[in-house]
Amino acid sequence: MKARPTPEPAADRSRVVLAAIAGAHGLAGEVRLKLFTDDLSAYPALNGGALTLVSVRPATNGMIGRFREIADRTKAEAMRGTELWIARDQLPPLAEGEYYHADLLGLPAVSSEGEPLGHVVAIDDFGAGDVIEIERPGGKRFMVPMQPHAVPEWNGERLVVDALFAVD
Numbered sequence: 626m627k628a629r630p631t632p633e634p635a636a637d638r639s640r641v642v643l644a645a646i647a648g649a650h651g652l653a654g655e656v657r658l659k660l661f662t663d664d665l666s667a668y669p670a671l672n673g674g675a676l677t678l679v680s681v682r683p684a685t686n687g688m689i690g691r692f693r694e695i696a697d698r699t700k701a702e703a704m705r706g707t708e709l710w711i712a713r714d715q716l717p718p719l720a721e722g723e724y725y726h727a728d729l730l731g732l733p734a735v736s737s738e739g740e741p742l743g744h745v746v747a748i749d750d751f752g753a754g755d756v757i758e759i760e761r762p763g764g765k766r767f768m769v770p771m772q773p774h775a776v777p778e779w780n781g782e783r784l785v786v787d788a789l790f791a792v793d
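Using this note's numbering, the letters of the sequence shown correspond one by one to residues 626 to 793.
Encoded structure:
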């Protein structure tokens, strides 16, 4: 569970979004960042090498980053909304039972009895572990703890939810 979810399920699975630029901070080209990972500084080359992370530091409402290619406020403001990504092969390997949130987003969900349930639309952590949010056709959503008793299996094709947790 090293990378948090991207805002939208990524269509291109060869890239993983680690952060997004939320806006400018100050006059010298720093930017406010919305992070989807625990440690952005582990990936100094972002967006295929187009952006070089020089520093990242905590701020009152998130993180502040400095990039070599963003020298002033005008350029920082123009970068608002830019997703910061790395190639999937740059991610560390996962141990048994681990997953990247980005891999679960958009997956079809089925019950342990084979009933289609919908798609994974969000993953939250309220302090006791991840909770998967599944949207049924028609827009109704329900949540399931990402625990082996509730989600006995998942892979790149689907997520299986124990039928007891499949709320109507």
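Beta carbons: idealized from backbone N, C-alpha and C, even for Gly. Just so we're clear, the structure is a prediction, and the values are computed from it rather than from any experiment.
When DSSP states are grouped into helix, strand and coil, D755 belongs to the strand group. Taken in chain order, the complete beta strand (DSSP E) segments of 3 or more residues contained in the segment 690–775 are 708–712, 733–736, 741–750, 755–760 and 766–770. Shown here, S680 sits in a strand according to DSSP, grouped into three states. The three-state secondary structure of L665, taken from DSSP, is helix. If the five residues before and after L665 are omitted, its C-beta is found closer than 8 Å to the C-beta atoms of L643, A644, L658, L678, V681, M688, G690 and L709, all from its own chain and listed in chain order. Secondary structure of G651 (DSSP, three-state): coil. Closest by C-alpha distance to G731, out of W779, D750 and Q772, is W779. Taking 8 Å as the cut-off, the beta carbon of G743 is found closer than this to the beta carbon of P762. Around the beta-carbon of H650, 16 or more other beta-carbon atoms lie within 10 Å, marking it buried.
Cβ-Cβ distances below 7 Å link S639 to A712 and R713 in the same chain, with the five nearest sequence neighbours on each side left out; the list follows chain order. In the three-state scheme derived from DSSP, where H, G and I count as helix and E and B as strand, G687 is classed as strand.
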